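Protein chains in written order, with this note's numbering: chain A, 928 to 1479; chain B, 78 to 308. Glycine residues also receive a C-beta, built at the ideal position from the N, C-alpha and C atoms. Since the model is a prediction, treat every value here as computed from it, not as a measurement.
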Amino acid sequence: STDALEAYIKTDGAWIVKITKTRYTVNTVEECAIKCDKETSFTCRSFYYIEKDQECVTLPANSKTDQVLRRMSTTLYEKKEYLQECVNGIGTDYRGTKSKTKTGTLCQRWEGMFPHKPNITPKTHQKADLESNFCRNPDGDKGGPWCYTTDPEKRWESCDVQDCTEECIQCSGEDYRGKISTSESGYICQRWDSQKPHNHGYIPSALPEKYLEENYCRNPDGEPKPWCFTTNPNKRWEPCSIPRCTTEPPTIVPELTCATGDGSLYRGTISVTISGKACQSWKSQIPHKHGRTPDKFPCKGLEENYCRNPDNERNPWCYTADPETRWEYCSVPICGDQPKPEDPIIPVGEECYEGDGSSYRGVMSETISGKKCQFWTSMEPHKHSKTPQSFPKGDLRRNLCRNPDGDRAPWCFTTDPSVRWEFCKIDRCGSKPEPPTKPSLVVAAANEQSVTLDCKIGNGADYRGPTSTTIMGVTCQAWSSMTPHQHASFTPETHPDRGLESNQCRNPDNDVNGPWCYTTDRNQKWEQCQIPDCESLKCGQPAIKPKRCFGR
Amino acid sequence: IVGGCISKPHSWPWQISLRTSAGKIHFCGGTLIDAQWVLTAAHCLEKSKRPSAYKIFLGIHSERAYELSKQERDVSKIVMGPPGTDIALLKLDRPAIINDKVSPVCLPEKDYVVASGTECYVTGWGETQGTGGDGILKETGFPVIENKICNRASYLNGRVKDHEMCAGNIEGGTDSCQGDSGGPLVCYSQNKFVLQGVTSWGLGCANAMKPGVYVRVSKFIDWIEKSMKEN
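Set out below in structure tokens:
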């Protein structure tokens, strides 16, 4: 029955709100998949399953047609068949969203009667999913999916949808998910999850959004085309020769006057940098030689000298006409409400959150299961509406954990395509700390290294370290001394095994607050000492938490 | 450190200041990796191979080192890294007292490679190039950049070796600089800071497309362990 799930792509923490749906109670997620397969009242494109409630909801929608929202304990399963944008064979099973013909003419809606009165309709071909104005092949046409066109002169035309078996790249191949695994000189590619023969930092588990599968050619870093590390020890990496698709690249909605997110959709005409320098034309190699040319980055709108973001930068930029300044960001306005400008310095890191964490402004960017957070301005791998523009008071900086929408704790979208969002790895302030798990250092502290490790275990009854000042910085009186304070209860004689030889902080009476001493201040007979807990002195775990300032 | 910010006092308790024994003048950073061992850059030790030429200050926040928490140690042994590498070990004449202001950092697993884009932090008392905080321990954070990108012509043009790593912001503005050499580049992972780099070199400081270069510590784990054991 697990085979039933193979036809689906899973996303944890996601759901789709839809009026049309069917709700079932099932025992397993596989049963829910079977319900979706057997749905008769609509074409089931996805389902979501709530394991705790054993609730199964089948839907006609998917992430291509409807907005995906986040919801705890809900897992969305989308049928691969309906996410695929290519055809197998003549494409009778094509269920993609292409809606233009091969000549670029917009398709007429299948239900429409104008400009053409169709004889193939959703009613006559009920299983063909003739929805909206998407290209389909309900009649087995040899030319593949087609549609009635909106051009009164042309009744219908085929759409020239890319073949699934055709290995080709659109644009710079950032979305290439094919299986070519040989570089252009013929070297076999090194697996991404291997560090041999070449060490590298493109680690699949750390970069799930880059789809670094097997040893397939990929483009995770803004190269002009997919590439791979090679198995030849003398050739670290090389591009792969994958042909460009003959079909049209995906259409974008260009942003002409302002930019959202990283500004990769900006196609306006601003051509001046933030410091007022004129931009160099992308076609030109003067004054700066460069590789960001229009032919290498065909889908990035590298026209004239307009500011663009062809390579996953933070904002649109350009090479400048000033020979002294190679490139600079441009001052393209941000679309919508202007969020608070990002401070150059992140505020002091908070180690915990108060209440529901809406006020949390710390630096955690990792989820409870260790996943990296997606940038709030990014729509990859998860499209969403929780942007700094829509939540200007949410402090949605970088990829830091926040709670902009009043959930019960700080959270973030994850960079793992299969997990939409998760709560973050931060505790609520005042929550019980985890019990110590690594006793090794404590043992070492108590025995071998007690001289060099100035810390206490438990209440510090065994503390024999050198600290001899109190919490207020007052020097301790020697335990054997009677000035300035007279005392009789705790002397080297009364407690010979408690280390009262000098004036160092000790805990001869098992004070729950830890070691203490009589002080040399006449007005303060005794005072507690500040001895750190040995548990807090494990390597790499500073007792005083750093700011973790992320400077720009 | 250019850009970045002044650190919280003693929040990077493994940071040490390497000084001349004569004038006790700070000239390089270093990292406490064990109660008696400090890791630093080999180029910091170019002027003298004599351990007595150096002093190590631990537990300080200001370069002037007036804090009561200061621990001062002499160097009893210098172990230079393999030829052609910018790494060295210093043995303290006696172990540091490990407390809340002085404690070692964790070392990475052998041959561990930090994923591209991981956010890491550098600290030091080096040049600030007018960005403030002179004389106080500064910190800054930025992402690790894969050597493939770092070796592009417009970046460091093939100068970065396998046993080195790059980190920085592509647009510049923040970086380690002269005087930070030998200090730590640490990355936070699984609830602890791990020493992944030793501040080594750069083309200027904080220039756009010229990230800093750090010795990749994970490549030297065997050497570190062997050197500490033998010495």
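Next on the checklist: Which residues does DSSP list as the beta-bridge partners of A/Ser973?
Outcome noted: A/Leu986 and A/Glu1005
Checklist entry - Heavy atom of the ligand ADP less than 6 Å from the Cβ of A/Asp1078, yes or no? => result Summarising the ligand content, the structure contains no ligands, and the ligand ADP is consequently not present.
Next on the checklist: At a CB distance below 9 Å, what residues from the stretch 1187-1204 of chain A approach chain B? Give them in sequence order.
Outcome noted: none
Checklist entry - Which stretch, first to last residue, makes up the beta strand (DSSP E) that contains B/Leu167? => result Ala165 to Leu169
Checklist entry - In angstroms, rounded to a whole number, what distance separates the CA positions of B/Arg127 and A/Pro1308? => result 55 Å
Checklist entry - Which chain A residues are close to B/Ser84, counting only those with a beta carbon under 7 Å from its beta carbon? => result Pro1473 and Lys1474
Checklist entry - Using a beta-carbon distance below 7 Å, is A/Ala1470 in contact with chain B? => result yes
Checklist entry - Under 7 Å between C-beta atoms, does A/Pro1274 make it to chain B? => result Low local confidence applies: a pLDDT of 48 at A/Pro1274 is under 50, so the model's placement there is unreliable, and no value is given.
Item to check | Listed by chain order, chain B residues near A/Leu1139 by CB distance under 7 Å | outcome: By Cβ distance, chain B contributes nothing, its closest Cβ being about 11 Å from A/Leu1139, past 7 Å.
Checklist entry - So the beta strand (DSSP E) B/Trp114 belongs to, where does it begin and stop? => result Trp114 to Thr117
Checklist entry - Who are the near neighbours of A/Cys1444 in its chain, counting only those whose CB is closer than 8 Å to its CB and skipping five residues on each side? => result Ser1395, Thr1397, Cys1403, Gln1404, Trp1406, Asn1430, Gln1431, Cys1432, Arg1433, Trp1453, Glu1454 and Cys1456
Checklist entry - Is the CB of A/Val944 under 7 Å away from at least one CB in chain B? => result no
Checklist entry - In the DSSP assignment, what residue or residues form a beta bridge with B/Arg150? => result B/Ile133
Checklist entry - Do A/Thr938 and A/Leu1003 have their CB atoms nearer than 7 Å? => result yes
Next on the checklist: Measuring only the C-alpha atoms, how far is A/Ser1367 from A/Tyr1193?
Outcome noted: Bear in mind that a pLDDT of 30 at A/Ser1367, under 50, signals an unreliable position, so the model cannot answer this.
Item to check | CB contact check: A/Phe1350 to chain B, cutoff 7 Å | outcome: no
Item to check | Listed by chain order, chain A residues near B/Tyr232 by CB distance under 8 Å | outcome: Per Cβ cutoff of 8 Å: no residues; B/Tyr232 is ~11 Å from chain A at best.
Item to check | Contacts that B/Ser88 makes with chain D (C-beta to C-beta distance below 8 Å) | outcome: Chain labels in this structure do not include chain D; the protein chains are A and B.
Checklist entry - So is A/Thr1410 buried or exposed if we call it buried at 16+ other beta carbons inside 10 Å? => result exposed
Item to check | Extent of the continuous alpha helix (DSSP H) to which B/Trp300 belongs | outcome: Ile298 to Glu307
Item to check | Candidates A/Cys1013, A/Ser1416 and A/Gly1400, of which the one nearest A/Pro890 by Cα | outcome: Residue coverage of chain A in this structure runs from 928 to 1479, which leaves residue 890 of chain A outside it and unanswerable.
Checklist entry - Which first and last residues belong to the alpha helix (DSSP H) in which A/Asp964 is found? => result Val956 to Asp964
Next on the checklist: Can you confirm whether B/Phe104, when its beta carbon is compared against all beta carbons of chain A, has any partner nearer than 7 Å?
Outcome noted: no
Checklist entry - Beta-carbon separation of B/Asp151 and B/Gly201 under 7 Å? => result no
Item to check | A/Asn1142 versus A/Thr1158 - alpha carbon distance | outcome: 10 Å
Checklist entry - Can you give the Cα-Cα distance for A/Ser1285 and A/Asp1332, rounded to whole angstroms? => result 8 Å
Checklist entry - Rounded C-beta distance between A/Ser1292 and A/Cys1300? I'm assuming under 8 Å. => result 5 Å
Next on the checklist: Does the CB of A/Leu932 have a neighbour CB from chain B at under 7 Å?
Outcome noted: no
Checklist entry - Residues in the stretch 1382-1413 of chain A with C-beta within 9 Å of chain B's C-beta atoms, listed in sequence order? => result Cys1382, Gly1392, Pro1393, Thr1394, Thr1396 and Gly1400
Item to check | Residues that B/Glu248 bridges to, as DSSP identifies them | outcome: Bridge partners of B/Glu248: none, in fact.
Checklist entry - Between which two residues does the alpha helix (DSSP H) containing B/Ile226 stretch? => result Asn224 to Cys227
Checklist entry - So is A/Arg1324 buried or exposed if we call it buried at 16+ other beta carbons inside 10 Å? => result buried
Next on the checklist: For A/Asp1270 and A/Pro1319, I'd like the C-alpha separation in whole angstroms.
Outcome noted: Note on A/Asp1270: pLDDT 46, under 50, position unreliable in the model; no value is reported.
Item to check | beta strand (DSSP E) runs wholly inside the stretch 1384-1464 of chain A, at least 3 long, in chain order | outcome: 1443-1445 and 1453-1455
Checklist entry - Does the stretch 1104-1112 of chain A come within contact of the stretch 1028-1040 of chain A, defined as at least 3 CB pairs closer than 8 Å? => result no
Checklist entry - How would you call A/Gln994, buried or exposed, if buried means at least 16 neighbouring beta carbons within 10 angstroms? => result exposed
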